[in-house]
Amino acid sequence: MLFYKDLLFSLICILLLIICVLVGVAFLTL
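All letters in the sequence shown, in the order written, are residues 532 to 561 by my numbering.
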């Protein structure tokens with residue numbers, strides 16, 4: 532259960548990082 536929770540936390544962090552990169556690229560291209 533602890534491993535699954537840690538894996539889910541890592542996945543959320545990766546998704547947030549990807550969103551931040553996409554927002555940054557969109558902001559630079561405007």
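Where a beta carbon is used, it is the ideal one built from N, C-alpha and C, also for glycine.
As assigned by DSSP and simplified to three states, the class of residue i
i, result
"L561", "coil"
Chain-order list of residues whose beta-carbon lies under 6 Å from that of residue i (same chain, five-residue window excluded)
i, result
"L538", "none"
Residue i at chain D interface by Cβ criterion, 8 Å
i, result
"A557", "Chain labels in this structure do not include chain D; a single protein chain is all it has."
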